[in-house]
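J.:
Number of protein chains: 2
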Amino acid sequence: MQLRKGGLMFAEILQTIVEETRGGAGAVLMGYDGIAIEQFFLPIDGLDLQLVAVEYANILKEIKRTAEILDSGFMEEVTIRTERFLVLVRVLTDDYFVALTLRRDGNFGKGRYLLMREAPNLRAALA
Amino acid sequence: MQLRKGGLMFAEILQTIVEETRGGAGAVLMGYDGIAIEQFFLPIDGLDLQLVAVEYANILKEIKRTAEILDSGFMEEVTIRTERFLVLVRVLTDDYFVALTLRRDGNFGKGRYLLMREAPNLRAALA
Chain A
0 MQLRKGGLMF AEILQTIVEE TRGGAGAVLM GYDGIAIEQF FLPIDGLDLQ
50 LVAVEYANIL KEIKRTAEIL DSGFMEEVTI RTERFLVLVR VLTDDYFVAL
100 TLRRDGNFGK GRYLLMREAP NLRAALA
Chain B
0 MQLRKGGLMF AEILQTIVEE TRGGAGAVLM GYDGIAIEQF FLPIDGLDLQ
50 LVAVEYANIL KEIKRTAEIL DSGFMEEVTI RTERFLVLVR VLTDDYFVAL
100 TLRRDGNFGK GRYLLMREAP NLRAALA
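Residue numbers (numbering that gives the first Met the number 0), protein chains in the order written: chain A, 0 to 126; chain B, 0 to 126.
#1: Mapping the DSSP letters down to three states, classify R83/A as helix, strand or coil.
#2: Quick one: residues in its chain with C-beta nearer than 8 Å to the C-beta of T20/A, no 5 flanking neighbours on either side, listed in chain order?
#3: Distance check for L91/A and M115/B, CA to CA, integer angstroms please.
#4: Check R3/B in the structure and name its three-state DSSP category.
#5: DSSP on I36/B, reduced to helix/strand/coil?
#6: Rounded to whole angstroms, what's the CA-CA distance from R83/A to V77/A? Just pull it up for me.
#7: My guess is that R89/A and A52/A are in contact by the Cβ rule of under 8 Å, so how many angstroms apart are they, rounded?
#8: Please classify I34/A as buried or exposed, where buried requires at least 16 other C-beta atoms within 10 Å of its C-beta.
#9: By the 8 Å beta-carbon criterion, what residues does the stretch 52 to 66 of chain B contribute toward chain A?
#10: Contact criterion: CB-CB distance below 8 Å. Does I34/B meet it with respect to chain A?
#11: Within the 8 Å Cβ cut-off, does V27/A reach chain B?
#12: Need the endpoints of the beta strand (DSSP E) that G22/B sits in, please.
#13: Can you list, in chain order, the stretches of the alpha helix (DSSP H) that have 4 or more residues and sit fully within the stretch 74 to 125 of chain B?
#14: Can you pull the DSSP bridge partners for L28/B?
#15: Closer than 9 Å by beta-carbon distance: list the chain B residues that pair up with T15/A, in chain order.
#16: In this structure, does DSSP put I43/B in helix, strand or coil?
#17: Nearest chain A C-beta to V77/B closer than 8 Å, yes or no?
#18: Does the distance from the CB of L121/B to the CB of V97/B come in under 8 Å?
#19: Indicate whether at least one CB of chain B lies closer than 8 Å to the CB of M8/A.
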């Protein structure tokens, strides 16, 4: 029951983030092990967003480890801009992060704001 | 002669980027192999910025590879925000990138602008 409630809440939050961000393509709540708890993806030609998220989970794990080793403080946010997409990542806990993928011409600032706004709700639902 | 000229130009450009960005701590022009061509660092307590750059070179190599595999287009820019620092990375060529580290409260937008403004100059000096 608790889990189901959390699951519903996760899906709703991710959908809100994607739909309220102009150019939003998908969002995923994922562990550093690359396993998604929940996701919401719009269909995008020629891109498997779930695969994107899994690949980036590995990278984030490395960045997290590096930040800790270097004592530069906890990693909070990572942004990757490619020719076609923007990937915005916000760290939630030691084990989980949320990632939003948007089109290059999407509203980066709005996406970033929504990830920040929803982070406490996602964190609460994870607990 | 050519090389020395390039070296001088690199050092000047990196220094300009760091000094004109409020909160700027250091900048490095580096290959994905983690070997720096040139760098300009201000002394920062408890942080070895050269080590930071080397560690991040590995991560960037991974991100670059991932972006190519996923066909999400070339990686252009990566931003990593930790508790204490912001690391801004701009890809220059298939082999080299420039990274600017600034304090958390530094002027992110100005740093990003300067990296964009100087990228063609760095690229020209690399050629």
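Where a beta carbon is used, it is the ideal one built from N, C-alpha and C, also for glycine.
T.: Put simply:
#1: coil
#2: L99, L101, G105, N106, K109, G110 and L113
#3: Rounded to whole angstroms, M115/B to L91/A spans 30 Å at the Cα level.
#4: Caution is warranted here: a pLDDT of 48 is assigned to R3/B, below 50, making its placement in the model unreliable, and no coordinate value can be reported.
#5: In the structure shown, I36/B sits in a strand (DSSP, three-state: E or B).
#6: R83/A and V77/A: Cα-Cα distance of roughly 17 Å.
#7: About 13 Å separates the two Cβ atoms, so there is no contact after all.
#8: exposed
#9: So the list reads E54, Y55, N57, I58, E61, I62, T65 and A66, given in the order they occur along the chain.
#10: no
#11: V27/A does not count as touching chain B.
#12: Unbroken run through G22/B: none, as it is neither H nor E.
#13: 107 to 125
#14: E37/B and V97/B
#15: By Cβ distance, chain B contributes nothing, its closest Cβ being about 23 Å from T15/A, past 9 Å.
#16: If DSSP states are grouped into helix, strand and coil, I43/B belongs with coil.
#17: yes
#18: yes
#19: Chain B, which has no Cβ nearer than 8 Å to the Cβ of M8/A, makes this no.
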